[in-house]
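Reading the sequence shown from the start, the letters are residues 1237 to 1335 in the numbering used here. Glycine residues also receive a C-beta, built at the ideal position from the N, C-alpha and C atoms. For reference, the structure discussed in these notes is given below.
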Amino acid sequence: MPGKRLEYAARARRDLEAIERYHLEGAGDVVADRIIDAILSQAEKIAALNLLFRPGIRQGTRECVMTRYPYTLVYRSSSGRVEIARLIHQRAEYFQRKR
């Protein structure tokens, strides 16, 4: 099965910029680049391989929990595309709600 088109919601793009800025300030460009590359690579894999992860907290979403870095990709998948909706730190209040 061919891959899906990958898109980023405006909120996800802002999340990505904030993640990069945070790690640039705290750990430097090498670490920031590694984390951003890992996030982008995982998003590409989700779309290319049509991967389905656990159902998300929000209706109609799915969540890909990264293991090397503490981020979760929240996304929506439809017949022809994958939209990355959010990139959220795993300790965020977002995940403290009951499932």
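Rounded separation between residue i and residue j - CA only
i: D1273; j: Y1305; result: 11 Å
i: T1297; j: S1313; result: 8 Å
i: D1251; j: L1285; result: 24 Å
i: R1249; j: R1290; result: 22 Å
i: S1315; j: K1240; result: 8 Å
i: E1256; j: L1287; result: 25 Å
C-beta contact flag for residue i and residue j at 9 Å
i: I1282; j: Y1311; result: yes
i: R1247; j: R1322; result: yes
Contacts around residue i, its chain only, beta-carbon distance under 7 Å, and the 5 residues preceding and following it disregarded
i: H1259; result: V1267, A1268 and I1271
Proximity winner among the options, relative to residue i (alpha-carbon distances)
i: Y1244; options: P1291, E1280 and E1329; result: E1280
i: L1242; options: L1309, I1324 and Q1326; result: L1309
Rounded Cβ spacing between residue i and residue j (contact assumed at less than 8 Å)
i: C1300; j: Q1332; result: Not really, about 19 Å apart at Cβ, beyond 8 Å.
Neighbourhood of residue i by C-beta distance below 6 Å, restricted to the same chain and skipping five residues each side
i: Q1326; result: P1306 and T1308
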